[in-house]
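Residue numbers (my numbering): -12 to 244.
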């Protein structure tokens, strides 16, 4: 760290971050403190200093990759974001992985064995930064192509976030609920606006349709499933909920107030 930072006050602050105890919950739900003054390695995921340290170490790795000509040697490119990275190689992925493990060991790091995998991108999918890359099937024409689409994990995270907004305990006025819901949907669609996304958008729309109907049915004490009073046309129409399929087909619609 001192190679990059010369201000002793900043170094002192970073050291405090590294030595700060962290409260964690184990697999049985019990809370415990980890780290502290005796800690010599590792930082909890999401820690204040983690992004800075990740970029610092990855910068050293990427610099060594360039200086040793690994891109030409392995016919490969490295795509990285903080501590997450993918090496795209033509025919020499095994050699690139072995070299990477050796370099990481010299840096005092280890690759996550669970997340580190070799994939044939022409036959298998791999997830990176929320997207799933690999072979896709054209629904209408029937041919296969290499592309990108929102990963299943990203869709699950979105539906979880939507469910947290539409909980029965939420007593906010509907315009406020709709505003929060649409903000989440717009933000997600803005990030996942690349590649093949129609099927993921449909999955989200179907979930939103069901979740909003259930939320309004409970709020207004409507008997039955509520499909007559809160139809999909009304939810995505007069009630002003954003429909992602509309985003896919054209400009973002304005919410009806």
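Even glycine gets a Cβ: it sits at the ideal position worked out from N, Cα and C.
In the displayed model, residue 112 falls within coil according to three-state DSSP, outside both helix and strand. Per DSSP, residue 203 is one residue of the alpha helix (DSSP H) stretching across 185 to 206. DSSP places residue 12 within a strand segment (E or B) once states are collapsed to three. Within the same chain, and ignoring the five residues on either side of residue 13 in sequence, the residues whose Cβ sits closer than 8 Å to its Cβ are 19.
Bounds of the beta strand (DSSP E) holding residue 120 are 118 to 124.
Looking from the CA of residue 121, the closest CA among 107, 149, 129, 231 belongs to 107. Taking all protein chains shown into account, residue 118 has 16 or more neighbouring C-beta atoms within 10 Å of its C-beta and is therefore buried. Per DSSP, the unbroken beta strand (DSSP E) holding residue 136 starts and ends at 131 to 137. The C-alpha of residue 91 is placed about 25 Å away from the C-alpha of residue -7. Note on residue 228: 16 or more other CB atoms within 10 angstroms of its CB, so buried under the neighbour-count rule. In this structure, the straight-line span from the alpha carbon of residue 219 to that of residue 146 is close to 17 Å.
The C-alpha of residue 42 is placed about 15 Å away from the C-alpha of residue 52.
For residue 76, the uninterrupted beta strand (DSSP E) segment begins and ends at 71 to 76.
According to the DSSP secondary-structure assignment, residue 19 is paired through a beta bridge with 11. When the Cα atoms are used, residue 80 and residue 114 turn out to be separated by approximately 17 Å.
The C-beta distance from residue 164 to residue 148 rounds to 13 Å, too long to meet the 8 Å contact threshold. Taking every protein chain shown into account, the CB of residue -1 has fewer than 16 other CB atoms within 10 angstroms, so this residue is exposed. Relative to residue 94, the option among 56, 102, 50 whose CA is nearest is 50. For residue 63, the uninterrupted beta strand (DSSP E) run begins and ends at 63 to 68, by DSSP. By alpha-carbon distance to residue 233, the top candidate from 214, 216, 176 is 176. The alpha carbon of residue 62 has as its nearest neighbour, out of 78, 54, 70, the alpha carbon of 78.
As the crow flies, the alpha-carbon of residue 206 is around 30 Å from that of residue 140.
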